[in-house]
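Trainee: As given, the protein sequences belong to chains B and V, one line each in that order.
First residue of the first sequence: 31, per the working numbering; consecutive thereafter.
First residue of the second sequence: 93, per the working numbering; consecutive thereafter.
Backbone N, C-alpha and C define an ideal beta-carbon position, used for all residues, glycine too.
If you're wondering where the values come from, they're calculated on a predicted model, not measured in any experiment.
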Amino acid sequence: NAGVTQTPKFRILKIGQSMTLQCTQDMNHNYMYWYRQDPGMGLKLIYYSVGAGITDKGEVPNGYNVSRSTTEDFPLRLELAAPSQTSVYFCASSFPRTDGAQFFGPGTRLTVL
Amino acid sequence: GQNIDQPTEMTATEGAIVQINCTYQTSGFNGLFWYQQHAGEAPTFLSYNVLDGLEEKGRFSSFLSRSKGYSYLLLKELQMKDSASYLCAVRDHNTDKLIFGTGTRLQVFP
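1) With 8 Å set as the bound, which would you pick, yes or no: does the beta-carbon of B/Phe120 sit closer than that to a beta-carbon of chain V?
2) Cβ closer than 7 Å: which chain B residues qualify as neighbours of V/Ala134?
3) Can you tell me whether V/Gly120 is buried or exposed? The criterion is at least 16 other CB atoms within 10 Å of its CB, across all chains shown.
4) For V/Asp174, which of V/Gly123, V/Lys160, V/His130 and V/Asn186 has the nearest alpha-carbon?
5) Taking the alpha carbon of V/Asp97 as the point to measure from, which residue in V/Thr118, V/Ala134 and V/Thr103 has its own alpha carbon closest?
6) Closer than 8 Å, Cβ to Cβ, to anything on chain B: give me those residues from the stretch 135-162 of chain V, in chain order.
7) So, is the C-beta of V/Pro121 closer than 8 Å to a C-beta in chain B?
8) How big is the Cα-Cα spacing for B/Trp64 and V/Asn141?
9) If you run the structure through DSSP and keep just helix, strand and coil, what is V/Asp97?
10) What's the call for V/Phe163, buried or exposed, on a 16-neighbour Cβ count within 10 Å?
11) In whole angstroms, what is the alpha-carbon distance linking V/Ser159 and B/Leu110?
12) Between V/Gly161 and V/Tyr127, is the Cβ-Cβ spacing less than 8 Å?
13) Could you check the C-alpha separation between V/Gly132 and B/Thr141 for me, to the nearest Å?
14) Kindly list, in the order they appear in chain B, the residues whose Cβ is closer than 7 Å to that of V/Leu167.
15) From V/Met172 to V/Pro202, what does the alpha carbon distance come to, in whole angstroms?
16) If you run the structure through DSSP and keep just helix, strand and coil, what is B/Asp56?
17) So the beta strand (DSSP E) B/Ala82 belongs to, where does it begin and stop?
18) Keeping to the same chain, check which residues put their C-beta closer than 6 Å to that of B/Pro126; ignore five residues upstream and five downstream.
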């Protein structure tokens, strides 16, 4: 199993550009999540999904959109990139169990200039 | 509201024991997780506590006291590779989401 994979690993965007961060998991997890991690800060939840066709906002959803058409894929869309979106983005997945640990992808390091 | 506190940084010597504390306040508690994160890498799962007491996994142990809103991660026989950030995360019963602390950066010296 590859686990959780994310592409790209690095990206530089200009202000106002858009992009999609890809996330795929092969563990048949129902739950998937997008977090951002800023230097010296904890992980902040952007969006999450409990299954195909179901998504919901997390703590910091503004400026982002998601979709979940399959169990495996959970892309994150940035529209009109802003410098405040410079961060490291992690995708994660888990089973829907109380003790279900979240498994994280390697992250995408995004810089908006 | 929800709040998680951890020390920002700790240092220790190879072979020693270190305890990383985590205190939390949440409107509904449904489990506490510890993750390890090496610099530039993704967090990886270390331990899970939902009942009071100690959970041991090799060199790592995690303790929980729900009445005190307190947990600690105990690392024994420290190795250089244990230099990393350690994230405490609480699952909120009402939202079923994880709330992460800012992490404790541990540096292990020879």
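Mentor: Taking the geometry as given:
1) For B/Phe120, the nearest beta carbon of chain V is closer than 8 Å to its own beta carbon.
2) Near V/Ala134 (Cβ distances below 7 Å), the residues of chain B are Phe120, Phe134, Gly135, Pro136 and Gly137.
3) Note on V/Gly120: under 16 other CB atoms within 10 angstroms of its CB, so exposed under the neighbour-count rule.
4) That would be V/His130, whose Cα lies nearest to the Cα of V/Asp174.
5) The shortest C-alpha to C-alpha distance from V/Asp97 to any of V/Thr118, V/Ala134 and V/Thr103 is the one to V/Thr118.
6) Taken in chain order, the members of the stretch 135-162 of chain V whose beta-carbon sits within less than 8 Å of a beta-carbon on chain B are Pro135, Thr136, Phe137, Tyr140 and Val142.
7) Per the sequence shown, the amino acid found at residue 121 of chain V is Phe instead of Pro. Answer no: the Cβ-Cβ gap between V/Phe121 and chain B never drops below 8 Å.
8) The C-alpha of V/Asn141 is placed about 23 Å away from the C-alpha of B/Trp64.
9) For V/Asp97, the three-state secondary structure derived from DSSP is strand.
10) Just to set this straight, residue 163 of chain V is Ser in the shown sequence, not Phe. Counting Cβ neighbours within 10 Å, V/Ser163 comes out buried, since at least 16 surround it.
11) If you take the alpha carbons of V/Ser159 and B/Leu110, they lie about 46 Å apart.
12) No, these two residues do not count as a Cβ contact at 8 Å.
13) Taking the straight line from one Cα to the other gives about 15 Å.
14) Simply none; closest approach about 19 Å.
15) Here the C-alpha atom of V/Met172 lies approximately 7 Å from the C-alpha atom of V/Pro202.
16) Coil, per DSSP.
17) Taken as a continuous stretch (DSSP letters only), B/Ala82 belongs to no beta strand (DSSP E), as it is neither H nor E.
18) Only residues of its own chain outside the window of five on either side were considered, and among them Asn60 and Tyr61 have a CB closer than 6 Å to the CB of B/Pro126, listed in chain order.
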